[in-house]
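With full-length UniProt numbering applied, the sequence shown corresponds to residues 1 to 474, in that order.
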Amino acid sequence: MPRRLFFKNFRLPNVFVLLLIVLFSCALLICINFFTIKILSASRAYVNGESHYSKGQKDASRHLITYLYTKELNHWKLYIENLKIPQGDGIARKTLLKVGDNEVARIGFTAGRNHEDDLDDLVWLFVNFKEVSFFAKAIREWEQGDNLINELFIIGTQINAKIQRNTLTPANQQKFIARISNISDKLTINERNFSNTLGEGTRKIKNLLIITNIIFVLIIILSVCTYYFIMVKRLLVSKKEIEVKNEDLVLVNRELDRFVYSASHDLRSPITSLKGLIEITQLEDDVNQIKDYLDLMQQSLTKQDQFINDIIDYSKNKRKQIIIQPVSLRKLFDEAISQLTHIENASRIIIKQEILTDEIYSDGLRLKIIIGNLISNAIKYADTNKQEMFINIKTYTTEGAHKIEVADNGIGIKEEYKESIFEMYFGTNKNKGSGLGLYIVKEAVENIKGNITVVSEKTIGSKFIVTIPKTHGV
Ligand code: ADP
Numbered sequence: 001m002p003r004r005l006f007f008k009n010f011r012l013p014n015v016f017v018l019l020l021i022v023l024f025s026c027a028l029l030i031c032i033n034f035f036t037i038k039i040l041s042a043s044r045a046y047v048n049g050e051s052h053y054s055k056g057q058k059d060a061s062r063h064l065i066t067y068l069y070t071k072e073l074n075h076w077k078l079y080i081e082n083l084k085i086p087q088g089d090g091i092a093r094k095t096l097l098k099v100g101d102n103e104v105a106r107i108g109f110t111a112g113r114n115h116e117d118d119l120d121d122l123v124w125l126f127v128n129f130k131e132v133s134f135f136a137k138a139i140r141e142w143e144q145g146d147n148l149i150n151e152l153f154i155i156g157t158q159i160n161a162k163i164q165r166n167t168l169t170p171a172n173q174q175k176f177i178a179r180i181s182n183i184s185d186k187l188t189i190n191e192r193n194f195s196n197t198l199g200e201g202t203r204k205i206k207n208l209l210i211i212t213n214i215i216f217v218l219i220i221i222l223s224v225c226t227y228y229f230i231m232v233k234r235l236l237v238s239k240k241e242i243e244v245k246n247e248d249l250v251l252v253n254r255e256l257d258r259f260v261y262s263a264s265h266d267l268r269s270p271i272t273s274l275k276g277l278i279e280i281t282q283l284e285d286d287v288n289q290i291k292d293y294l295d296l297m298q299q300s301l302t303k304q305d306q307f308i309n310d311i312i313d314y315s316k317n318k319r320k321q322i323i324i325q326p327v328s329l330r331k332l333f334d335e336a337i338s339q340l341t342h343i344e345n346a347s348r349i350i351i352k353q354e355i356l357t358d359e360i361y362s363d364g365l366r367l368k369i370i371i372g373n374l375i376s377n378a379i380k381y382a383d384t385n386k387q388e389m390f391i392n393i394k395t396y397t398t399e400g401a402h403k404i405e406v407a408d409n410g411i412g413i414k415e416e417y418k419e420s421i422f423e424m425y426f427g428t429n430k431n432k433g434s435g436l437g438l439y440i441v442k443e444a445v446e447n448i449k450g451n452i453t454v455v456s457e458k459t460i461g462s463k464f465i466v467t468i469p470k471t472h473g474v
């Protein structure tokens with residue numbers, strides 16, 4: 001595959017997709033981390049709250065027992081005060097379960113000695129996670145605890161009533177003590193279960209968070225690496241493209257320099273020789289000699305004319321856009337032959353045409369340049385020593401291409417020149433041409449995405465074969 005075609009067809013995956021993946025992953029990672037931290041912080045607040053709950057219940061039990069034996073009102077008050085802590089949490093739980101007023105729940109949590117800054121997280125976790133297994137289990141433990149707190153409250157009321165009525169017996173005291181310690185034991189189990197369940201849940205969440213973090217970080221690293229790789233590759237490709245373009249520019253510049261130098265030189269030389277011829281003709285009296293000088297002047301002018309025609313062809317070939325349209329090869333050959341009859345010996349050459357393919361879709365201007373130059377060369381380089389000079393023209397179509405062949409039995413091309421004949425200003429006989437013809441032909445053929453080859457043998461003849469693709473992607 002040619003280098004330029006390779007660069008043209010080289011497609012890279014869309015980097016915007018990768019950027020989107022990175023952006024999406026980052027956004028997701030931020031959200032996941034934010035909510036996980038919120039969950040963990042709320043869980044910590046619940047565990048903290050549980051310790052206040054537990055302490056409140058234990059202190060309430062202690063003061064109730066002291067009140068039971070001392071009957072001091074001060075302990076009764078302390079009992080009531082401490083019992084309000086778990087009761088406050090209980091109010092919050094019931095309100096949130098009924099999807100009640102969040103403000104009431106906040107007041108409940110505040111009574112439960114929870115920190116003011118934790119209130120939002122406590123309410124948020126309850127509202128959003130009450131159905132989630134680990135939290136639902138913790139709520140069940142909490143509910144059982146609240147029932148026991150309620151029982152403790154009832155016992156307190158019974159003790160207080162008996163003390164107020166002065167009907168408390170030692171036997172009653174024993175019974176109450178047994179009930180209080182039974183409730184305390186059960187509550188301790190509940191409280192432990194509550195903390196354990198929350199701890200278990202948060203550990204699972206933490207592990208999940210680590211895994212999701214690793215996965216997303218890997219996705220981000222992978223996407224960034226791929227993005228970087230693609231960008232570096234793109235840079236390399238465009239660097240190569242620029243290098244190729246630079247090389248082309250240098251070549252074109254060099255070619256232009258050579259062209260300008262040779263063109264100015266070749267344009268001047270016939271003028272110089274004409275001036276010289278005119279000068280010596282002015283001094284000459286012999287009519288025959290003057291006729292010879294005039295012939296030489298004509299040759300000089302013909303050469304000049306041919307050279308200017310070549311330059312015009314060169315410029316047209318470079319400048320004009322390719323226009324694909326139906327072109328008659330027969331017409332182009334007929335025109336070329338009729339325009340070239342002035343060349344020396346042209347009338348002696350037998351031209352045979354075998355037009356198997358006439359109308360093709362191609363660029364008329366380029367085909368005219370190609371055919372004109374090939375026929376003109378076949379006439380110019382005819383072997384005048386041969387008895388019969390001929391040019392065989394053949395056009396035909398193979399599977400994928402049209403072919404144009406121009407064969408002659410002229411002087412042929414030496415082996416060592418075959419490589420150079422398509423180069424700019426290469427010519428073996430400066431009297432016969434400028435050396436531009438085949439160079440222009442090659443450029444024109446390449447313009448219509450075709451190619452040209454030559455088979456030639458010195459003294460036997462030459463055959464130029466032009467191949468034009470049927471569907472050429474211009
Ligand atoms: P020029 O203007 O010198 O003819 P071209 O580029 O047309 O330049 O041809 C380059 C050289 O190729 C010629 O000088 C000649 O030596 C050789 N050449 C081209 N066509 C033929 C041919 N049909 N037979 C023999 N030699 C040829």
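Yeah, the Cβ is synthetic: ideal placement off N, Cα and C, and Gly gets one too.
Note that the structure is predicted; figures quoted are calculated from it, not measured.
### Task
Mind checking who GLY461 pairs with in its DSSP beta bridge?
GLU457
### Query
How big is the Cα-Cα spacing for LYS245 and SER238?
10 angstroms
### Query
the ligand ADP heavy atoms versus the CB of ILE413: any closer than 8 angstroms?
yes
### Query
Among TYR361, LYS38 and VAL132, which one has its Cα closest to the Cα of LEU122?
LYS38
### Query
From GLU81 to LEU208, what does the alpha carbon distance come to, in whole angstroms?
41 angstroms
#### Entry: DSSP three-state assignment for PRO355, whether helix, strand or coil
The amino acid occupying residue 355 in the given sequence is Ile; Pro does not appear at that position. Strand at ILE355.
### Message
Buried or exposed for PHE109, going by 16 or more other Cβ atoms inside 10 Å?
### Response
buried
### Query
With distances taken from CA atoms, which of LYS403, ALA378 and GLY201 is nearest GLY461?
ALA378
#### Entry: Integer-rounded CB distance, given that THR197 should sit under 8 angstroms from LYS137
5 angstroms
### Query
For GLN57, which residues from the same chain have a beta carbon less than 6 angstroms from its beta carbon, with the 5 sequence-adjacent residues on both sides left out?
PRO86 and LEU187
### Query
For ILE154, which option in GLU241, TYR79, THR467 and SER434 has the closest C-alpha, if you only look at C-alpha atoms?
TYR79
### GLU131 (DSSP reduced to helix, strand or coil)
coil
### Query
Beta carbon of VAL441: closer than 8 angstroms to some heavy atom of the ligand ADP?
yes
### Message
If the criterion is Cβ atoms closer than 9 angstroms, does the pair TYR381 and GLY410 meet it?
### Response
yes
### Best match in ASN114, ARG113, ASN172 and LYS130 for proximity to LYS98 [C-alpha to C-alpha]
LYS130
### Message
Tell me the rounded alpha-carbon separation between ILE183 and TYR53.
### Response
14 angstroms
#### Entry: Anticipated Cβ contact below 8 angstroms, VAL327 with ILE375, distance rounded
Going by Cβ atoms, the distance from VAL327 to ILE375 rounds to 16 angstroms, so no, they are not a contact pair.
### Message
What does the Cβ neighbour count give for LYS291, buried or exposed, with the cut at 16 atoms within 10 Å?
### Response
exposed
### Task
Over the uninterrupted beta strand (DSSP E) stretch that includes TYR396, give me the two end residues.
389-397
### Message
Closer than 8 angstroms to a non-hydrogen atom of the ligand ADP - does that hold for the CB of TYR314?
### Response
no
### Query
Which same chain residues, not among the five before or five after ILE106, have their C-beta less than 7 angstroms away from its C-beta?
Position check: residue 106 holds Arg in this sequence, whereas Ile was assumed. Closer than 7 angstroms at the Cβ level, and outside the excluded window around ARG106, lie LEU119 and VAL123.
### CB contact flag (LYS204, THR36, <9 angstroms)
no
### Message
Let me check you understand the geometry: is the CB of LYS470 closer than 8 angstroms to at least one non-hydrogen atom of the ligand ADP?
### Response
no
### Host alpha helix (DSSP H) of LYS55 (start-end)
15-70
### Task
Could you tell me the distance, in whole angstroms, from the CA atom of THR467 to the CA atom of VAL454?
12 angstroms
### Message
Let's see if you can read the secondary structure: which residues bound the alpha helix (DSSP H) around LYS265?
### Response
Inspection of the sequence shows that residue 265 is occupied by His rather than by Lys. Residues 170-283.
### Message
Which residue marks the beginning of the beta strand (DSSP E) containing ALA407, and which one marks its end?
### Response
401-408
### Query
Considering only the beta carbon of each residue, do LYS303 and ASN431 sit closer than 9 angstroms?
yes
### Task
Kindly identify the DSSP beta-bridge partner or partners of ASP363.
ILE324
### Task
Go ahead and label LEU23 buried or exposed: buried means 16 or more other beta carbons lie within 10 angstroms of its beta carbon, across all protein chains shown.
exposed
### Query
Can PHE333 be considered in contact with the ligand ADP, in the sense that its beta carbon sits closer than 8 angstroms to one or more heavy atoms?
no
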